[in-house]
Amino acid sequence: MDEAVTIRDAATRLGVSRQRINQMLKARDLYGPPQPSGTRAPRNAPRVFVSSLESWEAGHAGRRGGSHTVSEATLRDDAYRMKLALDVARDQLTMERRQNEKLTGLLADAVAALQAEHEMARKAERITEEYAAIATNHLGPDIHEVP
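Just so you know, the sequence shown maps onto residues 478 to 624 in the working numbering.
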């Protein structure tokens with residue numbers, strides 16, 4: 478039976494992140510012992526065959542030279558992490574834009590309500606001025622009366 482190592486050990490060996498090792502397993506760039514379908518593997522379970530790591534290293538060392546394998550893997554890992562960060566930032570911006578749209582709608586409603594209240598106050602002020610003028614005309618002393 479082929480010896481297997483943990484994802485952490487495989488990542489350390491290739492100089493990449495654990496997420497990159499998971500990607501490589503899904504892409505079948507690396508192989509490991511079969512995992513039960515629909516269940517998560519236990520923590521620190523052997524997941525990557527050493528022979529698949531050796532094959533991957535040999536294949537990449539043969540194409541570009543051994544010293545570039547870690548650099549290429551590191552660059553791919555960095556690019557993947559940048560993509561994840563970009564996805565998170567995009568999702569956050571989308572949520573922020575939606576929140577801003579909601580707040581803008583609430584502010585527009587509040588401004589409309591304030592304008593309506595302002596107009597009602599203006600009408601009430603005119604009415605009270607008219608009543609005051611009428612009251613002054615009818616209740617004040619008649620200066621035109623001759624005694």
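Just so you know, even glycine gets a beta-carbon here, dropped at the ideal spot from N, CA and C.
A quick note: this is a predicted structure, and the numbers were derived from the prediction, not measured.
So if DSSP puts residue i in a beta bridge, which residue, or which two residues, is it bridged to?
i	result
V525	V482
Can you tell me which of the options puts its alpha carbon nearest to the alpha carbon of residue i?
i	options	result
S528	R558, D486, L491, A481	A481
F526	H537, D506, R558	D506
R497	Q592, A556, G536	A556
T483	A504, P519, K503	P519
L530	S548, T489, T613	T489
W533	N521, A522, G509	G509
R524	Q569, A601, H537, L502	L502
D479	P511, L580, A612, R485	P511
Since residue i is in the alpha helix (DSSP H), which residue starts that stretch and which ends it?
i	result
R497	495-503
Taking all protein chains shown into account, do 16 or more other C-beta atoms lie within 10 angstroms of the C-beta of residue i, making it buried, or fewer, making it exposed?
i	result
A487	buried
R603	exposed
V493	buried
H545	Caution applies to H545, whose pLDDT of 49 falls short of 50 and renders its modelled position unreliable; the value that the coordinates give is listed next. Exposed, because fewer than 16 other Cβ atoms sit within 10 Å of the Cβ of H545.
L583	exposed
R567	exposed
L491	buried
M597	exposed
R575	exposed
G543	With a pLDDT of 48 at G543, under the threshold of 50, the modelled position of this residue cannot be trusted, and the question is left open.
Item to check | Three or more C-beta pairs below 8 Å linking the segment 510-524 and the segment 552-559 | outcome: As far as the Cβ criterion goes, the segment 510-524 does not touch the segment 552-559, which means the pair count is below three.
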